[in-house]
Structures are given as structure tokens and as C-alpha cells.
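Under the numbering used here, the sequence shown has 424 at position 41, and the numbering climbs by one with no breaks.
From the three backbone atoms N, C-alpha and C, an ideal C-beta is built for every residue, glycine too.
Computed from a prediction, not measured in an experiment: that's the story for all the values here.
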Amino acid sequence: MPFLRESDDVFELFLGTEGVELDEANPENRFTLEWIEQVNRALDEVAQAGSSSKKGLVITATGKFFSNGLDTDYIVTDADKLPSYLDLVHAVYTRVLTLPVATVAAVNGHAFGAGAMLALCADHRVMRTERGFWSLPEAALSMPFTAGMAALVRTRLSDAAATEAMLTARRYGAADALAAGIVDETVGAGELAAQARTVAAQRAATAGANLAIIKAGLRAPLLANLAIPTPASLL
């Protein structure tokens, strides 16, 4: 399950399980209900402490995946709960988008679907060069985007990049993701954590209630779309 570390200059939210690269019960850092709950607890802690401690937040993982997205097993077995489940996912995006601290996504491996969109919620994105793809596979999987998810991609990427990513399910390696504006910079695996921490620390002085107000104003239309309840008719 996700866990939070705090150092002198930053918070680090790891999307996997402490002490191991891959947890057998959740090897791909998918958005299970328990996973979402743990992420929210960590974000609560960051929000409460971030303003006073003046620290930034790095969101990352270890192993093969940053996050492989939605819990497809849950969607299949509890299809009637899909709207409320997706609303919980939207709420996580909203939390990250409006945190009162600077946020940096350190994309260590594959970021697919909902996991790819989580990376887009960060203020700054760094991706490792050696391994991993960023991708929105929904078109290939015959899955629609919610209004909130479509707005997130459309808002955070250029129209050309959003159109290609959403309509083709293209897998972007680090160089292609940088060229498309999906990430802000790329570094080697050995530099990823340090570079993400450096960026977060450099922006830490802005932390506080005012930063949250600025973010909410900057992203108001997007936040409004994320707040739209998912209709039962989506699928």
C-alpha cells in the first residue's frame, strides 16, 4: 500500500508498498479502494503539514510501474459501483491538483490510464529515460473517458498531444513524452529521485494556503468537470 516519507526538504509519496518493489496483492499500484484510501491519508498529512513546514511533494514508486491505473478486477465484479468508484478517482486527482504545496511526479516506470492521468495532476513531471511508457489505453480497450478525465487530459496537454494520446492509445517513451509536452524533463534512473526532490525543494517556499487558492483559480474549469458525478450510463 502507498506510504509517505518525510525528509528535511520534501515529502515523498510512494505509490507501492514499503520495503518491496512489487506487492503480490497489488503489483501494479492500481487504484484499489484500499490504495485510494491510503493515498488520501498521505495527502491529508501533506496538506496539514506542508503549509507550516514549507516542503514540496514528490509522487513516485519503485519497480516496473508508476501506476497501471484503475482496478479492473473491481470494475468487472462490481460494475454497479463503477460511478461511485470513478468519483473517488476524480477526488484523488482534485486533491493533488489543489494541494497547498508544490508537487512533482517522478515517473519511474509504466504510467497507464488513471495512473498516467495522476502524473498529469502534478505541477511538474520528471520521467526516467531507460524504461517505462506513459499511455492512455482507453480507446484500445473500448473504455470511454469521464468528463473529468477528458478535461484533465485536455487541460494539461496541448490539443495535438491530447488528441493523439486519447484517440490512438499511443505508448510514449521518455523522449516522445518530453517532445509531446507530457513530461517536463527526462533523466536517467539513477538521477530520477534526486532531480524530483530538487525541483520540489526549489518550489517549497511557495507552500501555503495562498498556493492552494492560486491552484484552485488556475484550474477552476477542470475542477468543475472533476466534480461532475459519474453517470450510471457511462458504460
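{"query": "Quickly, what does DSSP pair Val509 with across the bridge? List them, please.", "result": "Ala489, Glu568"}
{"query": "Have a look at Leu519 and Thr512 and give me their C-alpha separation to the nearest angstrom.", "result": "19 angstroms"}
{"query": "Could you give the DSSP three-state label for Arg580: helix, strand or coil?", "result": "helix"}
{"query": "Quick one: what's got a C-beta closer than 7 angstroms to Thr589's C-beta in the same chain, skipping five residues either side?", "result": "Ala485"}
{"query": "Note down the Cα distance separating Leu601 from Thr481, rounded to an integer number of angstroms.", "result": "10 angstroms"}
{"query": "Can you list, in chain order, the residues of its chain with a C-beta nearer than 8 angstroms to that of Ala584? Leave out the 5 residues immediately preceding and following it.", "result": "Asp392, Val393, Lys438, Gly439"}
{"query": "Grouping DSSP H, G and I as helix and E and B as strand, with all else coil, what is Glu401?", "result": "coil"}
{"query": "Taking 8 angstroms as the cut-off, decide whether the C-beta atoms of Met500 and Met549 are in contact.", "result": "no"}
{"query": "Check whether the Cβ atoms of Tyr468 and Leu535 lie closer than 8 angstroms to each other.", "result": "no"}
{"query": "Enumerate in chain order the residues of its own chain whose CB-to-CB distance from Thr443 is below 8 angstroms, with the five nearest sequence positions on each side excluded.", "result": "Glu395, Leu396, Phe397, Leu398, Phe449, Ala488, Ala489, Val490, Asn491, Leu575, Ala576, Ala579"}
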